[in-house]
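There are 2 protein chains.
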Amino acid sequence: MQPSDKALVPFVSVDNMMRLIHHVGIEQMITELAAEIEADFKRWELFDKTPRVAAHSPHGVIELMPTSDGEAYGFKYVNGHPKNTTEGLQTVTAFGLLADVYTGYPTLLTEMTMLTALRTAATSALVGKYLAPKGATTMAMIGNGAQSEFQCLAFKALCGIDTVRLYDLDPRATGKCATNLAGKGLTVVSCKTAEEAIEGAQIITTCTADKKYATILTDNMVGPGVHINAIGGDCPGKTELHRDILLRSDIFVEYPEQTRIEGEIQALEPDHPVTEMWQVITGKAQGRRDAQQITLFDSVGFAIEDFSALRYIKKAIEGTAFFEPLDMLADPDDPRDLFGMLMRAK
Amino acid sequence: MQPSDKALVPFVSVDNMMRLIHHVGIEQMITELAAEIEADFKRWELFDKTPRVAAHSPHGVIELMPTSDGEAYGFKYVNGHPKNTTEGLQTVTAFGLLADVYTGYPTLLTEMTMLTALRTAATSALVGKYLAPKGATTMAMIGNGAQSEFQCLAFKALCGIDTVRLYDLDPRATGKCATNLAGKGLTVVSCKTAEEAIEGAQIITTCTADKKYATILTDNMVGPGVHINAIGGDCPGKTELHRDILLRSDIFVEYPEQTRIEGEIQALEPDHPVTEMWQVITGKAQGRRDAQQITLFDSVGFAIEDFSALRYIKKAIEGTAFFEPLDMLADPDDPRDLFGMLMRAK
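If you're matching them up, the sequences are chains A and B in order.
The working numbering numbers the first residue of the first sequence as 1 and each following residue consecutively.
The working numbering numbers the first residue of the second sequence as 1 and each following residue consecutively.
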């Protein structure tokens, strides 16, 4: 028995996602994702916004991140288990779903581990476009894990970075990142300390994975005029920057209600002033004011960015072979006759 | 390139779910599901309980229902769109996921439209076992939609019902239900009014789908001693029973915090006394007290029931062919080398 069209949900496997990325081109896809995210930031106010629904355990966290623009509904399932890497597993895995608000029927299921890496990098570089100092050419990449290469290529594609300076507590991670970036059009400098990495960098990206209050950057390391792209401080108890850096910076966030719980600013008073990025992008708020200012993007990742990415994938796979139909929804000819459908399947 | 074992999530399609149901036998499977749900009700206190996360629209609702017992994490995606039936679509479609709390990795993805029908029926009949009057043989089934046959078979399997009396506003629904139940070991009586349907019934199940305050049963229709299994009043603004019936009944619920928002008791004061079913099942609270008492199960469906069903399916498919491995999680050999995995896939 063939299920009806409505019952079949297009599914993008990891394998197909990788094919799609290579088909589009990785920098091109990050650029297109950034455009999609930028467009959604411009209509920020019409989205259903709710902090993610988190299930914490001693081992890590499992989160559901739903949102809707009134026509489409999307959510991402994502875990965060920093201890996983010691067991040969990913810290973060994810998948996502789009549905039609009008019928409630899912319209896309997709892997989102790869896609999250791309959308996080796209968001970072999109924000960098608005906040990084003019003419920035060099980025320090502190933390050379799964996200690092995507960040470097995104800042190359969107912000014109030509040099990245890598540092990780584990030199093998730096080696891996440098190897992966070879021949990608970037000058790659492997550094032995965080201090060395930020020398001459106009942009500093921090992306480390320990679930604890860490101090990747101390105050005296950060000179005037830089843009800090802080990715790794993204859940309660996990931060990367010394509090004094925060106090010298103008802080930009995705969604304050969530960032105050999960971001670097959990170290500050709950009323410490922050600027919402959607307001910068729509021109309602100022971004970078002058060349001396330290700008800090306290990024935690928000559901709307995943929504943008899901909608992008839904459009990108249309007419391609980069998906398979999944028999996920029971859809009997007579909607009241679920039981009859079951009996006829015998 | 073959994805690793960890990256492959067992997926139970609608087709495989139907095969599994027939393999186990529908009444047997409802009975086994009820045992699983009963066991989880007995350890109710250790579950993470949070009201479902609902996205309401003028067209319907899309909900995520997560829970965890500390070892496994589960959630269900479910929509409720009563207007769908007029467009040839299901009012409710659902799918669900189990994950390992220790790693955050998903361990099962399954259709849950069929499975929800079974778990809802299993929960109803399990509660009926505790609350229905002794020796009950006849059930009135009011609302003969997608859930109705499952309810009838569940009360047959678990409570010893031998006769069902069907009524629906739409006689075609009654005809469909009667046809589906033919030869299933029940005496089926099709009725022209709700009043006729409840004649001689010791159990009254109401399961209608309109998203509005409806009055399927009025006060004078309900005599002493019956058990009412109220399924259809399950979201804000959607109820089925006249308030006076509620006032004459002892009311039993799954999770008061959710039921007061979604169940029949949204028509009552917020402090109206209710009894939690897990307390009845563990012996901490009394169920049916005497033969005159009207018991009312104000059922809205709770995440723990889905969790029980998901765990049941995970066990049931082990060693069978009733699932397919889904390449849903990117899982590079070196967990920090997501980018390298992508490059090698080229």
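Glycine is no exception: its CB is placed at the ideal position from the N, C-alpha and C atoms.
Legend entry - chain A within 8 Å of residue 124/B, Cβ atoms only: no
Inset, instruction - Closer than 8 Å by beta-carbon distance: list the chain A residues that pair up with residue 95/B, in chain order. - result: 106, 328, 329
Legend entry - Complete runs of the beta strand (DSSP E) confined to the region 288-334 of chain B [at least 3 residues]: 294-298, 324-327
Legend entry - Proximity test, Cβ basis, 8 Å: residue 111/A and chain B: yes
Legend entry - Residues of its chain near residue 1/A, where Cβ-Cβ distance is below 8 Å and the 5 sequence neighbours each way are ignored: In this prediction, residue 1/A has a pLDDT of 48, which is less than 50 and means its spatial position is unreliable; nothing more can be read from the coordinates.
Legend entry - DSSP-derived helix/strand/coil call for residue 47/A: Annotated three-state conformation of residue 47/A is coil, per DSSP.
Legend entry - Positions along the region 55-89 of chain A whose CB lies within less than 8 Å of some CB in chain B: 55, 57, 59, 60, 61, 62, 64, 66, 68, 70, 73, 75, 77, 79, 80, 81, 84, 85, 87, 88, 89
Legend entry - Sequence ranges, beta strand (DSSP E) only - wholly within the region 223-247 of chain B, length at least 3: 227-230, 239-241
Legend entry - Sufficient close CB pairs (3 or more, under 8 Å) joining the region 325-343 of chain B to the region 172-183 of chain A: yes
Inset, instruction - Provide the residue span of the beta strand (DSSP E) that contains residue 220/A, from first to last. - result: No beta strand (DSSP E) contains residue 220/A, which DSSP labels as neither H nor E.
Inset, instruction - May I have a chain-ordered list of the beta strand (DSSP E) segments no shorter than 3 residues that lie completely inside the region 249-286 of chain A? - result: 249-253
Legend entry - Spatial distance of residue 47/A from residue 261/A (CA atoms): 20 Å
Inset, instruction - Measure the CB-CB distance between residue 228/B and residue 142/B and report whether it falls below 8 Å. - result: no
Inset, instruction - Could you spell out where the beta strand (DSSP E) holding residue 205/B opens and where it closes? - result: Per DSSP, residue 205/B is one residue of the beta strand (DSSP E) stretching across 203-206.
Legend entry - residue 125/B versus 195/B, 157/B, 108/B, residue with shortest Cα-Cα distance: 157/B
Legend entry - For residue 190/B, three-class secondary structure by DSSP: strand
Legend entry - Nearest candidate by alpha-carbon position, reference residue 29/A, set 326/A, 338/A, 321/A, 316/A: 316/A
Inset, instruction - Helix, strand or coil for residue 36/A, going by three-state DSSP, please let me know. - result: helix
Inset, instruction - Pull out every residue of the region 145-160 of chain B whose Cβ sits closer than 7 Å to any Cβ of chain A, in chain order. - result: Of all residues in the region 145-160 of chain B, 145, 146, 149, 150 have a Cβ within less than 7 Å of some Cβ in chain A.
Inset, instruction - With distances taken Cα to Cα, identify the nearest neighbour of residue 39/A among 74/A, 304/A, 151/A. - result: 304/A
Inset, instruction - Give the residues from the region 17-40 of chain B that approach chain A closer than 7 Å (Cβ to any Cβ), ordered along the chain. - result: 18, 21, 22
Inset, instruction - Would you be able to state if there are at least three C-beta pairs under 8 Å between the region 88-95 of chain A and the region 111-120 of chain A? - result: Counting Cβ pairs under 8 Å, three or more are found: they touch.
Legend entry - Min CB distance residue 236/A to chain B below 8 Å: Not flagged as an interface residue toward chain B: residue 236/A, since no C-beta distance is shorter than 8 Å.
Inset, instruction - Measuring only between beta-carbons, confirm whether residue 167/A sits less than 8 Å from chain B. - result: Chain B contact via Cβ: absent.
Inset, instruction - Compare the C-beta of residue 247/B against all C-beta atoms of chain A and say whether one is closer than 8 Å. - result: no
Inset, instruction - Tell me residue 65/B's beta-bridge partners as DSSP assigns them. - result: 76/B
Legend entry - Cβ contact check for the region 10-21 of chain B and the region 278-297 of chain B: 3 or more pairs under 8 Å: no
Inset, instruction - Name, in chain order, the residues that DSSP records as bridge partners for residue 19/A. - result: In the DSSP output, where bridge partners are listed per residue, residue 19/A has none listed.
Inset, instruction - Spell out a yes or no on whether the region 165-174 of chain B and the region 122-136 of chain B are touching, meaning 3 or more CB-CB pairs, one atom from each, closer than 8 Å. - result: no
Legend entry - Boundaries of the alpha helix (DSSP H) in which residue 341/B is found, first to last residue: 338-344
Inset, instruction - Please list, in chain order, all residues of the same chain as residue 9/B whose beta carbon is under 6 Å from its beta carbon, the five residues on each side excluded. - result: 106, 109, 326, 328
Inset, instruction - Quick one: measure Cβ to Cβ for residue 74/A and residue 98/A, integer angstroms, because I've assumed they're closer than 8 Å. - result: 5 Å
Inset, instruction - Quick one: give me the first and last residue of the beta strand (DSSP E) that residue 89/A is part of. - result: Counting along the chain, residue 89/A falls outside any beta strand (DSSP E), and DSSP gives it neither H nor E.
Legend entry - Closer than 8 Å to chain E by CB, residue 338/B: Absence of chain E from the displayed structure is noted, the protein chains being A and B.
Legend entry - Which of helix, strand or coil DSSP assigns to residue 114/B: Assigned with DSSP and collapsed to three states, residue 114/B falls in helix.
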